[in-house]
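First up is the structure itself, then whatever we jot down about it.
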Amino acid sequence: MENRYHRNFPSPGPIVSGSKQIYLTFPAKSTFTEDDVSNYFSNFGPVHDVRIPCQQKRMFGFVTFQNSETVQMVLSKGNPHYVCGACVLVKPYRGKLKLFDRKYFEKFEAPLCYNSIFSSGLFMRW
1 MENRYHRNFP SPGPIVSGSK QIYLTFPAKS TFTEDDVSNY FSNFGPVHDV
51 RIPCQQKRMF GFVTFQNSET VQMVLSKGNP HYVCGACVLV KPYRGKLKLF
101 DRKYFEKFEA PLCYNSIFSS GLFMRW
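Just so it is clear: in the sequence shown, position 74 is 74 by full-length UniProt numbering, and no numbers are missing.
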């Protein structure tokens, strides 16, 4: 059965053309540091910044280069990349959703999580 809400979701944000940043994902067991990531990607061009937020469930990060041409070189190489033996996937950076877009997105969130299972205060089985 098709969920009618999925097709109405906005994308996570537009791909930013001319961006100097890429998005990384990698396994939770990866042990590399931000310096290791910087050293690897500096083979493509000068790295301005690396950010890997500390989160246990979602392993991701961002690399910012000094120019956008480096981003195109990294993306054109494809996936995967290997940093200290760990598999790293790269994606183009996507802009954040604007507040208006978030409000649009949130109105679809409730039906996904909370189908109409309550009626007159009583739980109903499907």
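Each residue gets a CB set at the ideal place from its N, CA and C atoms; glycine is no exception.
Status (buried if at least 16 other CB within 10 Å, exposed otherwise) for residue i
| i | result |
| --- | --- |
| Thr31 | exposed |
| Thr70 | buried |
| Phe123 | In this predicted model, Phe123 has a pLDDT of only 45, less than 50, meaning its place in the structure is not dependable enough to derive any value. |
Close-in-space but distant-in-sequence residues of the same chain around residue i (CB under 8 Å, 5 per side omitted)
| i | result |
| --- | --- |
| Phe60 | Tyr23, Leu24, Thr25, Phe26, Ile52 and Pro53 |
| His48 | Lys20, Thr64, Phe65 and Gln66 |
| Lys57 | Ala28 |
Straight-line gap, residue i to residue j (C-alpha atoms, nearest Å)
| i | j | result |
| --- | --- | --- |
| Ser42 | Pro92 | 17 Å |
| Gly85 | Asp36 | 11 Å |
| Cys113 | Phe62 | Since pLDDT at Cys113 reaches only 42, below the 50 mark, its modelled position is unreliable, and the value read off the structure follows with that caveat. Straight-line Cα distance between these residues: approximately 30 Å. |
| Gly95 | Glu34 | 22 Å |
| Tyr40 | Ser68 | 17 Å |
| Ser76 | Phe44 | 11 Å |
Contact belief for residue i with residue j at Cβ below 8 Å, rounded distance in angstroms
| i | j | result |
| --- | --- | --- |
| Val74 | Tyr82 | Not quite, the Cβ-Cβ distance comes to about 13 Å (not below 8 Å), so this is no contact. |
Interface flag, residue i vs chain C, CB-CB below 8 Å
| i | result |
| --- | --- |
| Leu89 | Checking the listed chains, one finds no chain C in this structure; it contains a single protein chain. |
Cβ shell of residue i (< 6 Å), same chain only, five flanking positions each side left out
| i | result |
| --- | --- |
| Ser38 | Val47 and Val50 |
| Gln72 | none |
| Gly18 | Ser68 |
Proximal residues to residue i (C-beta, below 7 Å), its chain only, five neighbours per side dropped
| i | result |
| --- | --- |
| Asn79 | Leu89 and Val90 |
| Gln55 | none |
| Met1 | Confidence at Met1 is low in this model, with a pLDDT of 44, below 50, so its placement is unreliable and the value that follows should be read with caution. None. |
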